[in-house]
Amino acid sequence: MKIIIAGGSGFLGQRLTAFFTAQKHEVLILSRKPSHLEGSIKHLQWSPTPQQTLDCLEDADAFINLAGTSLNEGRWTDSQKEKIVQSRVKTTKEVLNIIDQLHTKPKVYINASAVGIYPISERAVYDESSTIFANDFLGDTVQKWEHLAKKAEEFGVRSVQTRFGVILGEDGGALPMMALPYKFYAGGNLGSGIQWVSWVHIDDVVKAIDFVIHDSTIKGPVNVTSPNPIRMKQLGQTIGQVLHKPHWFPTPSPLLKVALGEKSIMVLEGQRVLPTKLIEHGFEFNYPKIKDALVNLF
143 MKIIIAGGSG FLGQRLTAFF TAQKHEVLIL SRKPSHLEGS IKHLQWSPTP
193 QQTLDCLEDA DAFINLAGTS LNEGRWTDSQ KEKIVQSRVK TTKEVLNIID
243 QLHTKPKVYI NASAVGIYPI SERAVYDESS TIFANDFLGD TVQKWEHLAK
293 KAEEFGVRSV QTRFGVILGE DGGALPMMAL PYKFYAGGNL GSGIQWVSWV
343 HIDDVVKAID FVIHDSTIKG PVNVTSPNPI RMKQLGQTIG QVLHKPHWFP
393 TPSPLLKVAL GEKSIMVLEG QRVLPTKLIE HGFEFNYPKI KDALVNLF
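Spelled out as structure tokens, the structure:
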């Protein structure tokens with residue numbers, strides 16, 4: 143297959159690149175730098191996009207867009223929030239402009255999204271059929287970039303919006319920072335501990351994206367989360383158990399709000415999200431249970 147990745151230098155992008163190259167697929171990474179070759183992987187300049195890049199992007203099997211400022215980057219000041227929104231909107235518009243110019247369009251366009259589109263709740267359960275969305279900063283941001291991503295359908299391209307949960311990986315994502323206090327015997331509840339965490343192992347994220355590419359019947363939003371979301375307290379206890387460290391030193395909500403500002407909502411609040419569409423299409427998770435996932439990662 144021929145696979146294009148925008149945002150290929152990040153945590154998930156690197157794992158996808160390694161997976162697809164191991165499968166002997168052709169991987170093209172869109173880069174802000176001049177076009178160059180790194181091993182067998184082509185890095186192609188975009189924004190602006192020269193004709194030479196467009197020629198290389200013809201007849202792709204999949205176009206994956208992971209580009210944009212990370213939600214975890216910096217405090218959510220007004221300027222940082224604007225940067226997050228505009229980076230996602232701008233890159234998605236640029237990708238759509240590229241697709242529009244291609245004579246032979248990609249078979250599927252996969253755009254990164256997030257479970258933050260769903261409202262915070264301790265009781266509700268959300269899947270892809272849910273139509274009630276959050277009206278906070280995160281919810282509004284996700285809705286904006288999903289709305290744009292769906293426009294790929296206007297070019298006759300199957301469009302998928304992968305709503306990622308909390309991605310757990312050994313060398314990236316949320317897990318290293320979550321595990322750090324436990325390594326110093328200072329781990330415990332973050333806030334109340336009853337907030338939901340819709341988590342997913344990085345290997346299952348890669349596997350799910352590959353699955354979506356191959357199943358041409360899948361389109362629209364797809365929740366990429368474990369089928370077994372857990373409470374924050376259970377996640378912390380399991381981290382402690384796997385690392386053989388105590389779970390006893392809580393971090394109060396007010397302290398996290400001071401330290402993180404508005405971004406503290408990402409650890410103090412959560413949603414219970416299920417990957418219904420993936421399961422209905424026959425997807426099987428390698429790590430459906432949190433303890434198995436953490437044992438593997440640690």
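Its first residue numbered 143, the sequence shown is counted upward by one per residue in the numbering used here. Using N, Cα and C, we set each Cβ at its ideal position, and we do this for glycine too.
Which same chain residues end up closer than 6 Å to residue i when comparing Cβ atoms and leaving out the 5 residues on each side of it in sequence?
i: H167; result: M143, I145
i: I226; result: T211
i: T233; result: A209, G210
i: N323; result: According to the sequence provided, residue 323 is Pro. The question's Asn does not apply to it. Once the five neighbours on either side are set aside, the close Cβ partners of P323 are G329.
Quick one: what's got a C-beta closer than 7 Å to residue i's C-beta in the same chain, skipping five residues either side?
i: F297; result: I241, D242, K247
i: Y327; result: K387, P388
i: S212; result: none
i: K293; result: L238
I'd like the span of the beta strand (DSSP E) that includes residue i, first residue to last.
i: H185; result: 183–187
i: L179; result: 178–180
i: P363; result: 362–366
i: I252; result: 250–256
i: N207; result: 204–207
i: I147; result: 144–148
i: L172; result: 168–173
Note down the Cα distance separating residue i from residue j, rounded to an integer number of angstroms.
i: S271; j: F306; result: 16 Å
i: E224; j: F275; result: 20 Å
i: Q413; j: V339; result: 7 Å
i: L172; j: P192; result: 12 Å
i: N239; j: S255; result: 19 Å
i: A350; j: L420; result: 8 Å
i: P190; j: I252; result: 21 Å
i: P176; j: V354; result: 31 Å
i: L416; j: D269; result: 5 Å
i: L310; j: M320; result: 10 Å
i: L398; j: T359; result: 43 Å
i: R230; j: G210; result: 5 Å
i: G403; j: V284; result: 20 Å
i: P430; j: N370; result: 6 Å
i: V302; j: D201; result: 18 Å
i: L179; j: D345; result: 26 Å
i: G315; j: L154; result: 9 Å
i: G150; j: N207; result: 9 Å
i: T195; j: H356; result: 25 Å
i: E411; j: R157; result: 28 Å
i: G216; j: V347; result: 25 Å
i: G378; j: F427; result: 22 Å
i: G382; j: G152; result: 28 Å
i: K361; j: F391; result: 44 Å
i: L199; j: F205; result: 9 Å
Run the CB neighbour count on residue i, radius 10 Å, all protein chains shown included, and call it buried at 16 or more, exposed below.
i: L186; result: buried
i: H343; result: buried
i: E288; result: buried
i: T273; result: exposed
i: Q228; result: exposed
i: F162; result: buried
i: A160; result: exposed
i: A164; result: exposed
i: A401; result: exposed
i: N214; result: exposed
i: D197; result: exposed
i: S406; result: buried
i: P396; result: exposed
i: N277; result: exposed
i: R174; result: exposed
In terms of residues, what are the limits of the alpha helix (DSSP H) holding residue i?
i: N239; result: 220–243
i: Q193; result: 193–199
i: T163; result: 153–164
i: I344; result: 344–356
So, for residue i: in the same chain, excluding its five sequence neighbours on each side, which residues have a beta-carbon less than 8 Å away from its beta-carbon?
i: P394; result: G333
i: I336; result: E264, R373, M374, K375
i: G281; result: G258, I259, Y260, P261, F275
i: V384; result: K433, L436, V437, F440
(request) Identify every run of the beta strand (DSSP E) within the stretch 280–321, keeping only runs that are complete inside it and at least 3 residues long; order them along the chain. (result) 300–306, 308–311
(message) Could you tell me which whole alpha helix (DSSP H) segments of length 4 or greater appear in the stretch 375–438?
(response) 395–402, 407–410, 418–422
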